[in-house]
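Inspection log for the structure reproduced underneath, given as structure tokens.
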Amino acid sequence: MQPESIPFFRSSRLRLPAVIMSLALLPASAQASTTVAMEVLTTVTPAACTPALSHGGKANYGVKDMGMLVPGRITALQPFSLRLTITCDVAALFAIKLTDNRSASMIPGIVASGLGNAAYDDDLNFGLGMASGARIGGYAIVFDPASYTGDYRRVQLMASADGVSWRHHASGLGSKRELLSWGAADTTSISPYKAVEGVLTVRPFIDKPEHLRLNHEIELNGSTTLELNYL
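Mapping of the sequence shown onto my numbering: position 211 corresponds to residue 215, and the numbering continues sequentially without gaps.
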């Protein structure tokens, strides 16, 4: 099933089966025994899940002065939060997959350096695009674990490498190699929901100015696809 585009991110749709049963009763004749004919019809009906992001899905930082860039240092921009809402016609099991559409511009280690944790790998690092042939920087995507509700009740953010085994995901950092989903706080499994809502925060880091071409305008151009996988 092809993903459906929304601003900044994309989604896919879920199809769940509904079974319609029709029963025909045939009266007995004087010479025959009673018979019953049963026909089972299966109809696939859509149960659409639709994601939406506030601000049109754009973390727009406006115009910044190049004087903010300090030689020899990575520049951290203010975190920018968006509200993520996923609504379904019926309760569904789904997980989020992140794809970096600017992976060629990713600067190894910039997110780990910006977040101050050398243990973070580049699966958490999303590219900010190119400017005059130079890579601009990187950003992290953080799903604030404490902010999410499922069907209006507090839920636990979960992560999985295979979509089968799940673990609590305390940091909320989005990874290109892991699926994200939600479940009850006292379990290690995900649950089906009709509505999930919470905060997604972008944390960008611009490379050291000596690595950039400052005689031209620099435009941040990060792009990530958020895809719903149905489980």
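Glycine included, C-beta positions come from ideal geometry on N, C-alpha and C.
Note that the structure is predicted; figures quoted are calculated from it, not measured.
Whose CA, out of the options, lies closest to the CA of residue i?
i	options	result
Y124	I145, M70, I140 and R139	I145
P4	M70, Q82, V67 and M134	The question about residue 4 has no answer, for the chain in this structure spans 5 to 235.
S164	L86, M70, L102 and R77	L102
L57	S227, N219 and V203	V203
H220	H173, S136 and A52	S136
L230	A80, S179 and S151	S179
P213	D69, Y65 and T54	D69
Can you give me the C-alpha to C-alpha distance between residue i and residue j, rounded to a whole angstrom?
i	j	result
L232	I222	32 Å
A95	A63	30 Å
G118	V206	13 Å
M134	L224	8 Å
A32	A99	Note that A32 scores 46 on pLDDT, short of 50, meaning its location in the model is unreliable and no value can be drawn from it.
H59	T191	33 Å
G120	I78	11 Å
S227	A189	31 Å
N105	E182	16 Å
A174	L86	19 Å
D166	G71	45 Å
T153	P75	42 Å
P149	S195	16 Å
R157	V168	23 Å
Y65	H172	32 Å
For residue i, collect the residues of the same chain with a Cβ closer than 7 Å to its Cβ; drop the 5 residues on either side in sequence, then sort them by chain order.
i	result
A138	H215, L216 and R217
G141	I111, I114, L132, P208, F209, I210 and D211
A116	A122 and Y124
A193	A small correction: the amino acid at residue 193 is Ser; Ala does not occupy that position in the sequence shown. Around S193: W170 and G187.
S107	G131
D127	S179, K180 and R181
A80	G118 and F209
So, at 6 Å on beta carbons, what are the nonlocal neighbours of residue i in its own chain, with the 5 sequence-adjacent residues on each side left out?
i	result
A199	T91 and D155
N129	M110, V115 and G142
F84	A63 and V206
T89	A56 and E201
T54	T91
If you measure between the beta carbons of residue i and residue j, is that distance less than 8 Å?
i	j	result
Y234	L73	no
Would you please state the rounded distance, in angstroms, between the beta carbons of residue i and residue j? I believe it to be under 8 Å.
i	j	result
L184	L161	7 Å
Excluding the 5 residues preceding and the 5 following residue i in the sequence, name in chain order all residues of the same chain whose CB lies nearer than 8 Å to its CB.
i	result
V67	none
V247	Nothing can be reported for residue 247, as the shown portion of the chain is limited to 5 through 235.
Using a Cβ cut-off of 8 Å (strictly closer), state whether residue i contacts chain C.
i	result
D93	Of the protein chains in this structure there is only one, and it is not chain C.
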